[in-house]
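Chemist: Numbering (our numbering), first residue to last: 62 to 389.
We put the beta carbon where it would ideally sit given N, CA and C, even for glycine.
Keep in mind it's a predicted model, so treat the numbers as computed, not measured.
Supplied in structure tokens, the structure appears directly below.
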Amino acid sequence: MKDTFLTWIGRIFSGQQHAPLGTSITDVILVVIYLGALLAAAQPIASGAFVTAGVLTLLYRLPLLWILTEDETRGLHLRDRALYTAIGAVLAAVALIVVAAAGRRPAVSPADGEPPAPPRTGPAIFGGLLLMFLALASVAWEAYYIQHFTSDRMGPFSYWRQFTGKQPSGVLLAPPGFWVDWVVIVLCVVAAVQAFARKPVARPLGMALGWLLAAYAVFTLDIYAKQKMLFEFGDLDTTDILQQLTSVVEVVAGILIILLLALRGTHRPPVVPAWGAPGGQYGAWGAPPAPAPYNDAPYGQSPFGGPPPLPPEYPPNTPPRPQTPPGW
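See below:
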């Protein structure tokens, strides 16, 4: 148990009497996300929480389906068990996404029938900006890695091999590092767009990404601390200095994203027309009925107007013509 915990916090690496390792910090991150989804199971936001957990599980376990079937991994200890775990996780993730997207919630939910709350307007915009900033920062780092790992010294396919997992990481259930980076970039952009639109799914997705980014950043800083290089800027090159500063920003931004998107906004119910639905349709239950047509005539007068006018030869209120007496 102690060695497992030490591998999670980066104190034991592959090759230090533990080759290969089974789990990593990624598994800790996923477990915390699963616990958060379970805590939200009785809440209106449960559907978004389960979709978030399913999407992250699917994207993190999917590369293992081809990595653990490569020739490089054949013969590794616990390789078959890790492959079956990955297959089960992918199938469970797909099922979870389908069920959650269908909007199913526990029948005993105390909030059954209540729509999920969107994020508040101000915090949603600020949280979306933070997510976009972190996505752009990650894109900048990936551009550097692509240039570095495709140089003549590293070889033209070094980045691609690490992205697809052709170069094993030493942890059976760990997805490739560059794969994780691009997954986080895409999900940050998606969460930011949802936050700007104040969609309810922005809350669980954004909070999960905030936790994920903060956890990975703390893990990176802990590795520097283990090597006695943390904030030793006088002995570090520019890349390591920027990496540490980026990790500090990710920790702070991740915590802020969690706090901002945890604030629940309120729904604006649709405005019911004051006099029923237009076009002769039925209005909402309890709405007053629409008035009858042509009902604006003065009191005592027919709403359909007066009688038609008489012909010209019979003008109204005209006395009859005098006639000649008989016998004259």
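Once DSSP output is grouped into helix, strand and coil, what is the label at Leu274?
Modeler: Three-state DSSP puts Leu274 in a helix.
Chemist: According to DSSP, what are the bridge partners of Arg325?
Modeler: Answer is Pro180, bridged to Arg325.
Chemist: Take the Cβ of Arg457 as the centre, count every other Cβ of all protein chains shown within 10 Å, and call the residue buried at 16 or more, exposed below.
Modeler: Absent from the model: residue 457. The displayed extent of the chain is 62 to 389, so no value can be given.
Chemist: Going by the beta-carbon positions, is the gap between Ile158 and Gly115 smaller than 7 Å?
Modeler: Yes; because the gap between Cβ atoms is below 7 Å, this pair is in contact.
Chemist: How is Val333 classed by DSSP in three states: helix, strand or coil?
Modeler: Note on Val333: pLDDT 48, under 50, position unreliable in the model; the coordinate value appears next. Three-state DSSP puts Val333 in coil, outside helix and strand.
Chemist: For Val200, which residues in the same chain have their Cβ closer than 8 Å to its Cβ, ignoring the five residues on either side in sequence?
Modeler: Excluding positions up to five away in sequence, the list reads Ile246.
Chemist: Where in the stretch 216-275 do unbroken runs of the alpha helix (DSSP H), each at least 4 residues long, occur, reported from the N-terminal end onward?
Modeler: Runs found: 219-225 and 238-257.
Chemist: Count the CB pairs spanning the stretch 86-105 and the stretch 273-282 that are closer than 8 Å, and state whether there are at least three.
Modeler: Verdict: yes, contact present.
Chemist: Thinking just about the alpha-carbon of each residue, which of Tyr285, Leu144 and Tyr277 is nearest to the one in Ala314?
Modeler: When each option's Cα is compared against that of Ala314, the closest is Tyr277.
Chemist: Shortest alpha-carbon distance to Ala196 belongs to which of Pro217, Arg142, Ala253 and Val279?
Modeler: Ala196 has its Cα closest to that of Ala253, out of Pro217, Arg142, Ala253 and Val279.
Chemist: Express the C-alpha separation of Phe239 and Gln208 in angstroms, rounding to a whole number.
Modeler: C-alpha separation (whole angstroms): 13 Å.
Chemist: I need the boundaries of the alpha helix (DSSP H) containing Ser108, first residue and last residue.
Modeler: It spans Ala107 to Arg122 - the alpha helix (DSSP H) in which Ser108 sits, taken as one unbroken run.
Chemist: I need the boundaries of the alpha helix (DSSP H) containing Gly97, first residue and last residue.
Modeler: Counting along the chain, the alpha helix (DSSP H) containing Gly97 begins and ends at Ile86 to Leu100.
Chemist: Measure the alpha-carbon distance for Val160 versus Glu133 and round it to whole angstroms.
Modeler: Roughly 36 Å between the two C-alpha positions.
Chemist: How would you call Leu191, buried or exposed, if buried means at least 16 neighbouring beta carbons within 10 angstroms?
Modeler: Flag for Leu191 reads buried.
Chemist: Kindly list the residues whose CB is nearer than 6 Å to the CB of Leu125, restricted to its own chain and excluding five residues on each side of it in sequence; keep chain order.
Modeler: Cβ within range, chain order: Ala147.
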